[in-house]
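Engineer: Mind having a look at this structure? Questions to follow.
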Amino acid sequence: MEIVTLGNDVLRQKALPLQDIDDTVKALAQEMIETMHRGRGIGLAGPQVGLLQRIFVVQLDGESPRVFINPTIIGTSPETSQYEEGCLSIPGMYADVTRPEKVTIQAWNERGRPFTLDAEGLLARVIQHEYDHLEGILFIDRLSAPKRNRLVALYDKKMRA
Ligand code: NI
2 MEIVTLGNDV
12 LRQKALPLQD
22 IDDTVKALAQ
32 EMIETMHRGR
42 GIGLAGPQVG
52 LLQRIFVVQL
62 DGESPRVFIN
72 PTIIGTSPET
82 SQYEEGCLSI
92 PGMYADVTRP
102 EKVTIQAWNE
112 RGRPFTLDAE
122 GLLARVIQHE
132 YDHLEGILFI
142 DRLSAPKRNR
152 LVALYDKKMR
162 A
């Protein structure tokens with residue numbers, strides 16, 4: 002799978018729910034996990050591989066991959082934290098992003114089983130970052146306008162080089 006990058010309109014659209022979680026979806030999730038590994042990322046969402054579907058994969062160092070299909074964030078903590086984020090669709094760019102420290106998410110896995118997960122720390126952060134992708138939101142949207150403009154200008158300059 003090819004990872005699409007900033008400027009591609011697919012990253013700015015709202016992804017649609019999957020109708021069935023069948024073998025095709027299982028294979029799709031596996032392909033996304035492999036694409037995430039190749040990119041050395043810890044998360045990858047459907048729109049990032051050109052699919053406007055509500056699916057993302059996450060894998061932290063030393064853990065098994067997790068697949069989230071048709072997810073809903075059902076709770077976030079009032080406490081926030083700041084951490085440096087990057088994105089496979091905006092290669093080479095990093096910035097501190099403030100997000101809720103904990104999140105509760107409900108989703109289906111690649112075998113079609115529903116689950117609810119309470120996550121905190123890095124896992125909570127990646128989940129929120131990937132969930133944003135399904136809404137057409139990128140981490141740079143969560144920065145102040147001056148910071149975002151600076152980052153995008155730097156990225157454009159790098160891409161033209
Ligand atoms: Ni991303």
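Each residue of the sequence shown is one higher than the one before, starting from 2 at the first, in this note's numbering.
Beta carbons are placed, not taken as given, at the ideal position from N, Cα and C, and that holds for glycine.
Predicted, not measured: the structure shown is a model, and the values here were computed from it.
Measure the CB-CB distance between residue 48 and residue 130 and report whether it falls below 7 angstroms.
Structural biologist: Within the sequence shown, the letter at position 47 stands for residue 48. Within the sequence shown, the letter at position 129 stands for residue 130. Not closer than 7 angstroms, so no.
Engineer: Give me the residue from 98, 8 and 73 with the minimum Cα distance to residue 146.
Structural biologist: Reading the sequence shown from its first residue, position 145 is the one you call residue 146. Among 98, 8 and 73, the Cα nearest to that of residue 146 is on 98.
Engineer: Anyone know if the C-beta pair for residue 54 and residue 12 falls short of 7 angstroms?
Structural biologist: Here residue 54 refers to the residue found at position 53 of the sequence shown. Here residue 12 refers to the residue found at position 11 of the sequence shown. Their beta carbons are not under 7 angstroms apart, which means residue 54 does not touch residue 12 by this criterion.
Engineer: Where does residue 5 fall in DSSP's three states?
Structural biologist: The residue you call residue 5 lines up with position 4 of the sequence shown. In the structure shown, residue 5 sits in coil (DSSP, three-state: anything other than H, G, I, E or B).
Engineer: Taking DSSP as the reference, what is the three-state secondary structure of residue 48?
Structural biologist: Looking up residue 48 in the sequence shown gives position 47. Three-state result, residue 48: helix.
Engineer: With a threshold of 16 other CB atoms inside 10 Å of the CB of residue 80, please say whether the residue is buried or exposed.
Structural biologist: Residue 80 sits at position 79 when you count from the first residue of the sequence shown. By the neighbour-count rule (16 or more Cβ atoms within 10 Å), residue 80 is not buried but exposed.
Engineer: Which residues, in chain order, sit with a beta-carbon under 7 angstroms away from any heavy atom of ligand 1?
Structural biologist: The filter returns 44, 46, 49, 88, 89, 90, 130, 131, 134, 139 and 140, in chain order.
Engineer: If you draw a straight line from the C-alpha of residue 72 to the C-alpha of residue 161, how long is it?
Structural biologist: Residue numbering aside, residue 72 sits at position 71 when the sequence shown is read from its first letter. Residue numbering aside, residue 161 sits at position 160 when the sequence shown is read from its first letter. The alpha-carbon atoms of residue 72 and residue 161 are separated by roughly 36 angstroms.
Engineer: Evaluate contact between the region 23-41 and the region 92-112, counting only Cβ atoms and requiring at least three cross-stretch pairs below 8 angstroms.
Structural biologist: These segments touch.
Engineer: Along the alpha helix (DSSP H) that carries residue 122, what are the first and last residues, could you check?
Structural biologist: Position 121 of the sequence shown, counted from the first residue, corresponds to residue 122. Its alpha helix (DSSP H) spans residues 122-135.
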